[in-house]
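Novice:
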Amino acid sequence: MFPYCKYPENEIKSYLQTVTREMVRSSLENPEPKFSDFLNYISPAAENVLEEMREHAAAVRRMYFGKTVRLYGPLYISNICINDCAYCGFRTSYHEHKRRRLTFDEIMAEARIIKGYGMDSLLLVSGEDPVGIPVDFLVKVVKELKKMFSYISIEIYPMDRDNYRKLFEAGVHGLTIYQETYDQELYKTLHRRGPKADYQNRLDAMAAGGEAGFYNLGMGALLGLNPDWRLEAVSVAAHGLWIRKHFWRSKIQFSFPRITPVEGGFQVPAPVSELNLEQTMLAFRLFFHEADLFISTRESRDFRTRIVKTCASHISAGSQVAPGGYEEYERLKDKRDLGQFTVTDHSSVAQVVADMKTNGLEPVFKDWDASFGA
Amino acid sequence: MKHIGEKMNTLTIAGKEFKSRLFLGTGKFAAAEYLRKAIKASGTELVTVALRRVNIGDGGDDILAAIDTKKVGIMLNTSGARNAQDAVKIARFGRAGGYEWIKLEIHPDPNYLLPDPIETLAAAEILVKEGFIVLPYINADPVLAKRLEDVGVHAVMPLGAPIGSNQGLRTETMLRIIIEQSNVPVIIDAGLGLPSHAAAAIELGADAVLVNTAIAAAGDPEAMAMAFALAVKAAEIAIKAVPAAPGFRASATSPLHTFDNIV
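Chains F and B, in that order, are what the protein sequence lines are. Numbering-wise, the first sequence is residues 1 to 374 according to the working numbering. Numbering-wise, the second sequence is residues 375 to 637 according to the working numbering.
(1) Quick one: using the 10 Å Cβ neighbour count with 16 as the cut-off for buried, is F:Glu-128 buried or exposed?
(2) Quick one: is B:Ile-636 near chain F, going by C-beta distance under 9 Å?
(3) Can you name the residues that DSSP bridges to F:Arg-101?
(4) Is the Cβ of F:Tyr-4 closer than 9 Å to any Cβ of chain B?
(5) Interface residues of chain F around B:Asn-557 at Cβ under 7 Å?
(6) Relative to the C-alpha of B:Leu-522, which candidate in B:Lys-390, B:Ala-496, B:Val-421 has its C-alpha closest?
(7) If you reduce the DSSP assignment to three classes, tell me which class F:Met-63 lands in.
(8) Any Cβ of chain B within less than 9 Å of the Cβ of F:Ala-238?
(9) Would you please verify whether the beta carbon of F:Leu-392 is less than 9 Å from any beta carbon of chain B?
(10) Can you look up F:His-56 in the DSSP assignment and give me helix, strand or coil?
(11) How big is the Cα-Cα spacing for F:Val-349 and F:Phe-65?
(12) For chain F, find out if any of its Cβ atoms is closer than 9 Å to the Cβ of B:Lys-520; answer yes or no.
(13) Rounded to whole angstroms, what's the CA-CA distance from F:Ile-315 to F:Val-308? Just pull it up for me.
(14) Could you name the residues of chain B that F:Tyr-215 contacts, counting a contact when the two beta carbons are closer than 8 Å?
(15) Put B:Asp-634 into one of helix, strand or coil per three-state DSSP.
(16) So, does the segment 177 to 186 of chain F touch the segment 228 to 241 of chain F, judging by three or more C-beta pairs under 8 Å?
(17) Does the pairing of the segment 62 to 78 of chain F with the segment 162 to 172 of chain F give three or more beta-carbon distances under 8 Å?
(18) Could you name the residues of the same chain whose beta carbon sits closer than 7 Å to that of B:Val-462, not counting the 5 residues immediately before and after it, in chain order?
(19) Scan the segment 124 to 153 of chain F and note each continuous alpha helix (DSSP H) run of 4 residues or more that stays entirely inside, going in chain order.
(20) To which residues of the same chain is F:Ser-296 closer than 6 Å at the C-beta, ignoring the five residues directly before and after it?
(21) I want to verify the contact list: residues of chain B whose CB lies under 7 Å from the CB of F:Leu-241, in sequence order.
(22) Let me see if you follow: with CB-CB separation under 9 Å, is F:Lys-12 close to chain B or not?
(23) Return helix, strand or coil for F:Val-119, following the three-state DSSP convention.
(24) Since F:Leu-39 meets chain B, which of its residues come closer than 8 Å, beta carbon to beta carbon?
(25) With a threshold of 9 Å between beta-carbons, can F:Tyr-199 be considered close to chain B, or not?
(26) Rounded to a whole number of angstroms, what is the C-alpha to C-alpha distance between B:Met-598 and B:Lys-411?
(27) Just to confirm before moving on: does the CB-CB distance between B:Pro-491 and B:Leu-518 stay below 9 Å?
(28) I need the DSSP call for B:Leu-522, collapsed to helix, strand or coil.
(29) I need the straight-line Cα distance from F:Phe-38 to F:Ala-58, nearest angstrom please.
(30) Less than 8 Å between the CB atoms is what I'm expecting for F:Arg-91 and F:Ser-313, so what's the real figure, rounded?
(31) Suppose the cutoff is 8 Å on Cβ atoms and the five residues either side in sequence are ignored; what does the same chain contact list for F:Val-378 look like?
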């Protein structure tokens, strides 16, 4: 579990079993949710109260986000990775597919395609490739990308505060890192090699990001690794609270990546159902009224549309999750390269925009004007 | 303390423990004797004193003599200061007389005596660096409270209503946010006119309250001091008893396991 929790795991687990439907309903009445309300929402009993949770969540979402939904696009710049995470398409021990690291020009070519789709908010992603993608290169890339995109966030290998600060000054304003699993034993078995094997180092990176001053700090666990997905959700929430407590100037964000089949086969140890995922996201929306909740193209079009109405504030679209994927897709209308995960929703940005509008939501591409400076 | 229903932890400010969550201001008392009785009746362990009361090197001031410093700590109030420079000067004078705890109060406006946020932040930063124990008096401004916390103050003291107005928790909405977000003790100061206001402040989640006018200007300050002490104590006991009222923590099974403050 998240190591800075003041309550032990077994106490939380026992509590979850004692939650009743009435307790969940009474939580919904509470205008100022406390952590025990979150626990009620994530409990087994809440599965029978989902419809009411959806209604309340939608009302909360409308209060804090109005009818808007933010669009963003991921740009993968390298699938070379020195880590060996058992569940990931980029793991170093998977030799079946050629790896690719984009050059500066190739990155810009991808960026222009994403920009052409209408995107103004970019998530820069990379495998752990510190030799091939060092910080100074990233700084150069970001400065150029900042001419095209108002907002840039990163999901790359953990760094220290000073390096994060370099990226912040270059124009990166958001940081996303998934702890993958907060269960330290499980973490050890899944991350046997490379820098990512260090649990604490990964956990500390979010705080380093806070110290560096990133406006947005995004957390998440990879759903499907830990059979106890409820406890995993508790850890993510506790981590969010801890970050919010220590870095009051930053906004906390949550993602809910669900493991998808990847090349080279990895048996998902504990698949999380779509309903479980929905319950998790509802619990977060009901407790963290103002936090950004992300939904990616790992999930189906139907699910994404449904979840944006009740919880999610940010949605990606038209995503390609392999380096050079956008160029390849535009050229071949197909993807060949090794992706990090399997995209389920292949809808184009235009289609997603249309879906949002049909559902009474207003897609927003620009959140922050780059012309004001970093 | 953040949420009702959670067991109240001991009040600690700058490493010092307090059994009483009622602090007193010593201005406006008709005579030192009333102050002495009020201090005793209130059970307070911390009072504020204005510099003009403190004759450095003299020690013979009437008001000061009413305070048993073995039982009651003294916070030097910089009231009278109109800017950071004045406040810092006052604090340094006080240090010469052995006072390290500073209630930073800077009000350039003599009409409402509202605190100047810019001068307060500037003075706080200097005084913290110089090793004082700094407790700034501020308007109920949540961002200012965080900015002060960032520079290292040992508590924040947001007002409930303008000094001497006795109106109670007029700034409640903002106080709630400060209480939620603060990592240092929150002491609601100014504007508390009745014991019920003080109880409400503690129920809101404040760590302590500071009362001056309501007690000093009462017909019977000693009795009023006791009333305030009882109100604060009542609120503390009620919190420990876990209120069943709607909006408060109500748990059918395990009242102590609220998991608030999980981190």
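Note that CB positions come from ideal geometry on N, CA and C, so glycine has one too.
Specialist: In short:
(1) buried
(2) yes
(3) F:Ser-78
(4) yes
(5) Lys-245
(6) B:Ala-496
(7) helix
(8) yes
(9) In the structure as shown, chain F begins at 1 and stops at 374. Residue 392 of chain F is therefore absent and cannot be evaluated.
(10) helix
(11) 21 Å
(12) yes
(13) 8 Å
(14) Ordered by position in chain B, no residue passes the 8 Å Cβ test against F:Tyr-215, which lies about 15 Å from the chain.
(15) coil
(16) yes
(17) no
(18) Ala-497, Ile-500, Leu-501
(19) 135 to 145
(20) Ser-316
(21) Ile-636, Val-637
(22) A quick correction: the sequence has Ile, not Lys, at residue 12 of chain F. So, interface residue.
(23) For the sequence presented, residue 119 of chain F should be read as Met rather than Val. Three-state DSSP puts F:Met-119 in coil, outside helix and strand.
(24) Phe-633
(25) no
(26) 11 Å
(27) yes
(28) helix
(29) 16 Å
(30) Going by Cβ atoms, the distance from F:Arg-91 to F:Ser-313 rounds to 31 Å, so no, they are not a contact pair.
(31) What is shown of chain F runs 1 to 374, which leaves residue 378 of chain F out entirely.
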